[in-house]
Amino acid sequence: MKNKIYLYMKVFNLTFLIILIHSYGFSQSNNDCDWEVTNTANNAVIAIQQDNSINYTIQVLTPSVGTNDYMQLQMTQFNCSATLGVFYSDDNGDLVCGGMTQWDNTQSMAIAAWGDDPTTPEKDGFSPNELYTFKLCVNGLEQELSCSLLDMSTDPPFLDYYSTNGFGSINEICFDAGFSLDFYEWALSQNCDGIEVDEYNSNKRVIKSLDLYGRNIISSNQKGLQVIIYNDLTIEKLHQF
């Protein structure tokens, strides 16, 4: 009985969300990744529900001695402007944005995934049963994060693939920011809009210094060949006399 009530409430909440979306229109937000969406005649609606917000994360690979570790950043901590996009494969197998919305930590969201228009010769949307691919565009950095983990509900009425007039719901999603300590600090900043891209790109610092044998260099006075690794993964070779 409890499960039925819970499912009923999920459907009710999603229905209410969909009514709001159709009343005010789908958000095809401006973004810094040059994503463009073709609005066709058919779509599915994918919910990003506030109840699951603890499961929406970004992971950042960080260096440590002898291994690589991940720092996880919850999207509820993410204070910067970002756009969520859902992608389909075109006739050439390339990923094309088929729907997007501005990420909002304060409330549930929904994104329209637009289906292929059968009246046009080219594939310009999702095919029936096509799986969803999600990306996150971090506005201001012009950085596109791929999805490294995705779990979508398959409890009725939800589907984890495209179906015209179908419903989807993201239970868990994780985006991969790669190897960037700066991204982690930037994302936690309270004034993201005030940080310039040039400042981000030029904020370069040493994360590791190695000698000829790959050993960590502790002293700044050590002589000989040194390999300097920076936080943007650029490498510099120095010879200290």
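Here the sequence shown stands for residues -15 to 225, where the numbers follow the working numbering.
Don't be surprised by glycine CBs; every beta carbon is placed ideally from N, CA and C.
According to the neighbour-count rule (16 or more other Cβ atoms, all chains shown, within 10 Å of its Cβ), is residue i buried or exposed?
| i | result |
| --- | --- |
| Gly162 | exposed |
| Gln33 | buried |
| Asp18 | exposed |
| Gln91 | exposed |
| Ser153 | buried |
| Gly77 | exposed |
| Ala25 | exposed |
Have a look at residue i and residue j and give me their C-alpha separation to the nearest angstrom.
| i | j | result |
| --- | --- | --- |
| Leu79 | Ser137 | 23 Å |
| Asn149 | Ile201 | 60 Å |
| Ala107 | Ser193 | First, the amino acid is wrong: residue 107 is Lys here, not Ala. Whole-angstrom Cα-Cα distance: 50 Å. |
| Asp35 | Tyr54 | 25 Å |
| Asp100 | Val44 | 35 Å |
| Leu143 | Phe151 | 6 Å |
| Glu156 | Asp135 | 5 Å |
| Pro105 | Ser111 | 13 Å |
| Thr117 | Glu128 | 13 Å |
| Asn27 | Asp74 | 16 Å |
| Ile30 | Phe62 | 21 Å |
| Pro141 | Ser130 | 27 Å |
| Trp87 | Ile95 | 10 Å |
| Ser65 | Ala97 | 21 Å |
| Asn39 | Met93 | 15 Å |
| Asp139 | Gly109 | 25 Å |
For residue i, which residues in the same chain have their Cβ closer than 6 Å to its Cβ, ignoring the five residues on either side in sequence?
| i | result |
| --- | --- |
| Asn41 | Note that residue 41 is Thr in the sequence shown here, rather than Asn. For Thr41, where only same-chain residues beyond five positions count, the Cβ hits under 6 Å are Gln56, Gln58 and Cys158. |
| Thr60 | Ser37 and Asn89 |
| Cys81 | Trp19, Val21, Gly69 and Phe71 |
Identify, in the order they occur along the chain, each residue of the same chain with its Cβ nearer than 7 Å to the Cβ of residue i, setting aside the five sequence neighbours on each side.
| i | result |
| --- | --- |
| Thr103 | none |
| Glu114 | Tyr72, Tyr145 and Tyr146 |
| Lys119 | Gly69, Phe71, Glu128, Leu129, Ser130 and Cys131 |
| Asn23 | Trp98 |
Among residues of its own chain, excluding the 5 on either side of residue i, which ones have a beta-carbon nearer than 8 Å to its beta-carbon?
| i | result |
| --- | --- |
| Asn15 | Thr67, Gly69, Met84, Cys121 and Asn123 |
| Ser132 | Gln43, Cys158, Phe159 and Asp160 |
| Phe0 | Note that Phe0 scores 45 on pLDDT, short of 50, meaning its location in the model is unreliable; the coordinates nonetheless yield the value given after this. Once the five neighbours on either side are set aside, Phe0 has no close Cβ partner at all. |
Comparing the CB of residue i with every heavy atom of the ligand GTP, is any distance shorter than 7 Å?
| i | result |
| --- | --- |
| Pro105 | Within the structure as shown, the ligand GTP is missing, as the structure has no ligands at all. |
Along the chain, which unbroken stretches of the beta strand (DSSP E) at least 3 residues long are found entirely within the segment 71 to 117?
Taking 3 residues as the shortest admissible run, the segment 71 to 117 contains the following complete beta strand (DSSP E) segments, listed from N- to C-terminal end: 79 to 86 and 93 to 98.
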